[in-house]
Amino acid sequence: MQAVHISFNLELKHPFSITGFTRTSTPLLLLKLTYENIDGYGEASMVPYLGESYQSASSFLKKVDWTRFTYPFDFSGIISYLDAIDQGNPAVKAAIDIALNDINGKLLQKPCYEIYKADPAKMPVTSYTIGIDTPEVIKEKVAEAKGFKVLKVKLGSANDKELISTIRSVSNLPLYADANQGWKDRKTAIDLIYWLYNQGVVLIEQPMDKKDMEGNAWLTTRSPIPILADEAVQRLSDIDKVKGAYHGINIKLMKSGGMYEAHQMILKARSYGMKVMIGCMSETSIATRAGLALAPLCDWVDLDGPFLTTNNPFEQPPFENGRYILKDLPGLGLKGLSPNLFHP
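To convert, note that position 61 of the sequence shown is 62 in my numbering; the numbers rise steadily by one, no gaps.
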């Protein structure tokens, strides 16, 4: 197994704001693994406020014994090995897992979605995310969401109602809401949830602090729409901790450590009767395609990374009528790769 990685700065179309943080780009580590002359590609998207960086990811990769990874790949054993190196660094672990899944599909001559038993015909619509912004820019962002069937709105500021009302002045599309732990008072929050329900919001992610299990559970028992754990659920072991406190979970490959564990999370959540959303950070088509391989197994999809960025170095996955289209291509089905990307 040979490994090559580069740093890449993914530029956003607009400054992206959530509760307490704004960024204009996202640092990435792009990884190429080569096994028996077959290349697999992975990606670590490292939003700064989560603590990872290109430097930390590169340092982690130096500790990996690549001779341990041979076909047939034991993905459970691989993630256990990577966790033994360091309990953190989920994004760079995801990069390794995604690249190995890409190679695995190419060795089997099967798409990753087929390996995970995901039916392309069951692909949900994906949402287009709108960060906290001024009314003028909000309207501009809504206009850019042409072709989408649902919008995802970042809430958690003092102007939540104004933001929703601004969107409603120009669009009647269903809305997903993500408060990013921004709501502090449960009674104020439940009143807002009912108002949002009347505005066409169909789910809410992480309304209150992830540590406030009681407060989030209080909202879940009273909410007319599903409440999903986001920051409260990162890895498979977290699902047991939130059972009963939320209607469902949002899975992100950059937090789960990759595709294998994300799939395990889907299965466990389903066993508990929980709904599942698969989401993303700011990502290129590598991580987007990895998420798409699991998306038909989920209730909701938020994999809009290629639409929110300006310098995705790969071809955008096919998109039609609000949904991504899965093609019968081995591995991730990644296309548009520049031959000089990893060898400038």
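Heads up, the beta-carbon is just placed ideally off N, CA and C, and yes, glycines get one too.
- Inter-residue distance for glycine 337 and alanine 218 is about 45 Å (C-alpha atoms, whole angstroms).
- Exposed is the label assigned to histidine 344, since fewer than 16 other Cβ atoms lie within 10 Å of its Cβ.
- By a beta-carbon distance limit of 8 Å, leucine 335 contacts phenylalanine 315. Their separation comes to about 6 Å.
- Residue environment for threonine 23: exposed (fewer than 16 other C-beta atoms within 10 angstroms of its C-beta).
- When only Cα atoms are considered, tyrosine 114 and valine 143 end up about 31 Å apart.
- A buried status is given to alanine 263, since no fewer than 16 other beta-carbon atoms sit within 10 Å of its beta-carbon.
- Residue burial annotation: glutamine 3 is exposed, with fewer than 16 other C-beta atoms found within 10 angstroms of its C-beta.
- The shortest CA-to-CA distance from phenylalanine 74 to any of Asp98, Phe308, Ser238 and Ala58 is the one to Asp98.
- By the C-beta density criterion, aspartate 120 is exposed, having fewer than 16 other C-beta atoms within 10 angstroms.
- The residue among Ile139, Asp186, Ala159 and Thr189 with its C-alpha nearest the C-alpha of arginine 169 is Ile139.
- If the five residues before and after alanine 146 are omitted, its C-beta is found closer than 7 Å to the C-beta atoms of Tyr129 and Leu152, all from its own chain and listed in chain order.
- Here DSSP, grouped into helix, strand and coil, assigns threonine 311 to coil.
- Comparing C-alpha distances from serine 283 to each of Asp305, Leu220, Gly43 and Gln110 shows the shortest one belongs to Asp305.
- For glycine 280, DSSP records a beta bridge to Lys253.
- Residue environment for aspartate 241: exposed (fewer than 16 other C-beta atoms within 10 angstroms of its C-beta).
- Pairing leucine 51 with glutamine 207, the inter-Cα distance amounts to about 16 Å.
- Counting along the chain, the unbroken beta strand (DSSP E) around leucine 229 starts and ends at 228-230.
- Scanning its chain for C-beta atoms nearer than 8 Å, with the 5 sequence neighbours on each side dropped, one finds around methionine 124 the residues Leu293, Ala296, Pro297, Val302, Arg324, Tyr325, Ile326 and Leu327, in chain order.
- Tyrosine 55: member of the alpha helix (DSSP H) spanning 55-63, first to last residue.
- Looking at the backbone, the Cα of alanine 92 and that of isoleucine 279 are separated by about 15 Å.
- For phenylalanine 149, the three-state secondary structure derived from DSSP is coil.
- Counting along the chain, glutamate 163 sits inside the alpha helix (DSSP H) bounded by residues 161-169.
- DSSP places alanine 4 in the strand class (E or B) of the three-state scheme.
- By the Cβ rule, the segment 174-193 counts as touching the segment 220-240, because three or more pairs are nearer than 8 Å.
- Per the DSSP secondary-structure output, lysine 142 pairs with nothing in a beta bridge.
- Across the structure, glycine 274 and glutamate 215 are spaced so that their CA atoms are roughly 20 Å apart.
- The Cβ atoms of phenylalanine 308 and glycine 132 do not sit closer than 8 Å to each other.
- For the 8 Å CB-CB criterion, glutamine 182 and aspartate 161 do not form a contact.
- Counting only runs of 3+ residues, the beta strand (DSSP E) found wholly inside the segment 38-118 occupies 39-46, in chain order.
- Judged by DSSP in its simplified three-state form, isoleucine 205 adopts strand.
- Here the C-alpha atom of alanine 270 lies approximately 10 Å from the C-alpha atom of cysteine 299.
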